[in-house]
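First comes the structure, then the notes that go with it.
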Amino acid sequence: MKLTLRLHLSGLMMGLLLVLLTAFMASARTRQACDDEKAPAAAKKTTVMRGRASWYGREHQGMRTSSGERFDRNKYTCAHKTLPFGTRLRVSNPETGKAVIVRVTDRGPFRHQRILDLAEVAARPLGIVTHGAVSVVAEVVPATTPLGPTDAPEELAALAADSTITAEIHTDIRPGQTEAADVALLAEPTATFVIQAGTFGDPRNARAVMDKIQSVEPKLLVTTVATTTAEGKALNRVVVGRFATQAEADEVRLRLARVGVAGLVRQGENL
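What follows is the structure, given as structure tokens:
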């Protein structure tokens with residue numbers, strides 16, 4: 000009788016253990032399924048950025064970037080304010096459907112209302128060199144993704160239009176606001192200095208000064224800015240650089256003065 004009772008109790012305990020084990024495994028599977036469903040949504044929020052992208056090139060060639068690498072305008076790199084160095088991004092222009100893969104090697108941009116600065120070779124396919132800055136969609140991609148031109152994502156139009164898909168971890172963009180307001184949160188206004196190397200009524204004279212500057216300082220960015228006086232007279236202003244500090248601009252101005260090019264350092268957006 001006692002043996003039979005012990006066997007009966009043992010059977011009940013084994014049954015109870017099996018029920019508990021089955022319930023535990025079912026609960027674990029449910030939690031895993033929920034986690035799997037949540038993961039893509041979380042990743043989507045933290046790996047897509049929207050905003051304006053600009054570029055930098057010859058004037059920074061060979062300079063040391065924030066990561067310690069030497070800047071090369073012919074390499075597919077970019078500057079971002081907070082993303083870890085080495086992060087790879089697919090940057091797409093929704094207007095043209097063109098895209099490139101770039102690697103974060105520098106900090107910036109240094110101008111207001113920008114989320115990325117692309118090296119010249121990466122900026123050209125996106126139309127950034129032509130326009131100065133364009134609206135882009137940038138996505139974090141695996142570190143093994145090859146650098147260079149690539150296919151834009153199939154859902155590019157949706158990504159560009161959906162203001163709720165933002166980089167919540169890496170930036171301060173808030174969803175549901177206009178692009179300009181979103182991007183303004185990313186960058187504090189930083190002074191940009193240029194050297195005005197003369198204003199000429201004859202564009203040939205402006206070109207001569209530009210050629211002289213580039214012959215002695217080939218790494219400098221030299222451009223002309225066309226303006227018109229109140230009387231309607233066309234003027235061509237020769238502008239050198241963009242410089243983050245006045246001291247940097249003054250140093251270049253003195254070098255130009257030694258070769259006979261007089262200039263004035265000015266602060267503003269005259270690029």
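Numbering follows numbering that gives the first Met the number 0, with no gaps: position 188 of the sequence shown is 187.
Beta carbons: idealized from backbone N, C-alpha and C, even for Gly.
> Counting pairs of Cβ atoms below 8 Å between the segment 124 to 134 and the segment 63 to 78, do you hit three or more?
Replying inline: Not touching, per the Cβ criterion.
>> Assuming serine 91 is part of the beta strand (DSSP E), what are its boundary residues?
In response: 87 to 92
> Does the separation of the CB atoms of threonine 76 and alanine 121 fall below 9 Å?
Replying inline: yes
> Could you give the distance in angstroms between the alpha-carbon of glycine 259 and the alpha-carbon of lysine 211?
Replying inline: 9 Å
>> Could you compute how far the alpha carbon of proline 272 sits from the alpha carbon of alanine 156?
In response: Missing from the structure shown is residue 272; the chain here goes from 0 to 270 and no further.
>> Does glutamine 245 come out as helix, strand or coil in the three-state DSSP assignment?
In response: helix
> Is threonine 177 helix, strand or coil when you go by DSSP?
Replying inline: Because threonine 177 carries a pLDDT of 29, less than 50, the predicted location of this residue cannot be relied on, and no value is offered for it.
> Of all the options Glu216, Asn235, Gly231, which has the alpha carbon lying nearest to the alpha carbon of arginine 203?
Replying inline: Asn235
>> Just to confirm the assignment, what range does the alpha helix (DSSP H) spanning methionine 209 have?
In response: Where methionine 209 is concerned, the enclosing alpha helix (DSSP H) starts and stops at 202 to 215.
> Between Val239, Thr244, Phe199, which lies nearest to threonine 222 when the distance is taken from Cα to Cα?
Replying inline: Val239
> If you drop the 5 nearest sequence neighbours on each side, which residues of the same chain put their C-beta closer than 8 Å to that of glutamate 58?
Replying inline: Taking C-beta separations shorter than 8 Å and ignoring five residues to either side along the sequence, the partners of glutamate 58 in its chain run Lys218, Leu219, Leu220, Gly240, Arg241, following chain order.
> Counting along the chain, where does the beta strand (DSSP E) carrying alanine 118 start and finish?
Replying inline: 115 to 118
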